[in-house]
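Protein chains in written order, with our numbering: chain A, 1028 to 1165; chain B, 1028 to 1165.
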DNA sequence: TGAAAAATCATACTTTCGGGTGACTAAGCT
DNA sequence: AGCTTAGTCACCCGAAAGTATGATTTTTCA
């Protein structure tokens, strides 16, 4: 991020320098200011797209996934259920989830049953799919 | 997309006009070309970011998901297997998949078994997770 | 045309999931 | 103190998923 800003400033400086140079060297500026504008515009549109992409790209810490809390509350999904749901989404079996959360498999099943009802689905794969589409999980 | 390009051109034209106007009106251009550059640069960086965002945002048809064909080939995953995998990712049961592809449930199971071996996973949820992380499916 | 790869299906068996039901405990609220 | 909610667990049973093995048919392609 800091690097991005630095590069941005650098490009700006270089451009100013280059344009200044052309300006005083040939004195053609008056003839084609539109050309200058176009040039700068294109350069910086490209820069902007690059910056935007960097800001947007998945895996970037600053890239935003924020949980849809409204939906979670609306559906009445509890903290624990959400926790289980996330582990399901990672592909763990009920047994593995139970081990990871230090509870019995039966408990996991209960959580999942409740979850399925709240999400109006029948299978874990559907639950994951729906939860993803609702941004309940990433 | 077409609209985006149009707006881009429009901003460009307006900017040229505005600058021209200031130029001929006050004749201050020689004093602060850096200011002009900065101005245009900022405007178009912003434009670029917006354009980039539009291009990137999920749900946009032009937003690019392209299948990781290299990985698919490397792993030796067939066309049919991929098809099954996608339906699994949508949360369908083996029976539903079988119905949709007009084959028997056993065939689906075979495809999935082969798929699991190729992806080195044990469960359908893991397969989906891994396939997603490898961009085999969206 | 003939071998290899992909797709199909079956049978048998094991494991995992999911539904239904009931119950107990702890925490929080009124 | 009584009520509600969340979390925990158990048992049963049937359905779905997954494993293993073997076999047949299609497609592909050298």
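Cβ coordinates follow ideal geometry from the N, Cα and C atoms, glycine included.
message: Short of 7 Å in beta carbon distance, which residues of its chain neighbour residue 1191/A, apart from the five on each side in sequence? Order them along the chain.
response: One cannot answer for residue 1191/A here, as it falls past the ends of chain A, which runs 1028 to 1165.
Rounded C-alpha distance that separates residue 1067/B from residue 1068/A: Start at 1 with the first residue of the second chain, and residue 1067/B comes out as number 40. Start at 1 with the first residue of the first chain, and residue 1068/A comes out as number 41. Using only the alpha carbons, I get a separation of about 7 Å.
task: Please say whether residue 1161/B and residue 1098/B have beta carbons closer to each other than 8 Å?
output: The count along the second chain starts at 1 and reaches residue 1098/B at position 71. The count along the second chain starts at 1 and reaches residue 1161/B at position 134. A contact, by the Cβ cut-off of 8 Å.
- prompt: Which residue from 1071/B, 1157/B and 1077/B puts its Cα closest to that of residue 1142/B?
  reply: Taking the first residue of the second chain as 1, we reach residue 1142/B at position 115. Out of 1071/B, 1157/B and 1077/B, 1157/B has the C-alpha closest to the C-alpha of residue 1142/B.
query: Around the Cβ of residue 1118/B, are there at least 16 other Cβ atoms within 10 angstroms (buried) or fewer (exposed)?
result: Here the question's residue 1118/B lines up with position 91 in the second chain. The residue is buried, with at least 16 neighbouring Cβ atoms inside 10 Å.
query: If you follow the alpha helix (DSSP H) that residue 1128/B is part of, which residue opens it and which one closes it?
result: Reading the second chain from its first residue, position 101 is the one you call residue 1128/B. Residue 1128/B -> alpha helix (DSSP H) spans 1121-1128.
message: For residue 1132/B and residue 1152/A, which I take to be in contact (beta-carbon distance under 8 Å), what is that distance rounded to the nearest angstrom?
response: Numbered from 1 along the second chain, position 105 holds the residue referred to as residue 1132/B. Numbered from 1 along the first chain, position 125 holds the residue referred to as residue 1152/A. No, residue 1132/B and residue 1152/A are not in contact; Cβ-Cβ is about 16 Å, not under 8 Å.
Collapsed DSSP secondary structure at residue 1066/B in the structure displayed: As a working note, residue 1066/B is residue 39 in the second chain. DSSP places residue 1066/B in helix when its eight states are reduced to three.
query: DSSP three-state call for residue 1092/A: helix, strand or coil?
result: Here the question's residue 1092/A lines up with position 65 in the first chain. Looking at residue 1092/A - three-state DSSP - the assignment turns out to be coil, as it is neither helix nor strand.
field: Range covered by the alpha helix (DSSP H) that runs through residue 1155/B
entry: Position 128 of the second chain, counted from the first residue, corresponds to residue 1155/B. Counting along the chain, the alpha helix (DSSP H) containing residue 1155/B begins and ends at 1151-1160.
message: For a test of the three-state rule: what should DSSP assign to residue 1099/A, helix, strand or coil?
response: Residue mapping note: residue 1099/A aligns to position 72 of the first chain, counting from 1. Residue state, collapsed to three classes: helix.
query: At which residues does the alpha helix (DSSP H) containing residue 1148/A begin and terminate?
result: The count along the first chain starts at 1 and reaches residue 1148/A at position 121. From DSSP, residue 1148/A is part of no alpha helix (DSSP H); its letter is neither H nor E.
- prompt: Starting from residue 1106/B and walking both ways along the alpha helix (DSSP H), at which residues does that stretch end?
  reply: As a position in the second chain, residue 1106/B is number 79, starting the count at 1. Element bounds for residue 1106/B: 1106-1116.
query: Name the residues in the stretch 1066-1078 of chain B whose C-beta lies less than 7 Å from a C-beta of chain A; which are they?
result: 1067, 1068, 1071, 1072, 1073, 1074, 1075, 1076 and 1078
task: Compute the Euclidean distance between the alpha carbons of residue 1165/A and residue 1071/B, then round it to the nearest angstrom.
output: Within the first chain, the letter at position 138 stands for residue 1165/A. Within the second chain, the letter at position 44 stands for residue 1071/B. Spanning the two alpha carbons is a distance of roughly 32 Å.
- request: Spell out whether any CB of chain A is found under 8 Å from the CB atom of residue 1132/B.
  value: For the purposes of this step, residue 1132/B is taken as residue 105 along the second chain, with counting starting at 1. So no, residue 1132/B is outside the interface.
- prompt: Using the C-alpha atoms, what's the distance from residue 1159/B back to residue 1073/B?
  reply: The residue labelled residue 1073/B in the question sits at position 46 within the second chain. The residue labelled residue 1159/B in the question sits at position 132 within the second chain. Distance between the alpha carbons of residue 1073/B and residue 1159/B: 32 Å.
field: Amino acids of chain B, ordered along the chain, whose beta-carbon sits closer than 8 Å to that of residue 1179/A
entry: Nothing about residue 1179/A can be read from this structure; chain A reaches only from 1028 to 1165.
- request: Would you mind working out which of 1121/A, 1041/A and 1100/A sits nearest residue 1140/A, comparing C-alpha positions?
  value: Walking along the first chain from the start, residue 1140/A turns up at place 113. The option with the nearest alpha carbon to residue 1140/A is 1121/A.
message: Between which residues of its own chain and residue 1125/B is the CB-CB distance below 8 Å, once the five residues before and five after are set aside?
response: The residue you call residue 1125/B lines up with position 98 of the second chain. Closer than 8 Å at the Cβ level, and outside the excluded window around residue 1125/B, lie 1131, 1132, 1134 and 1135.
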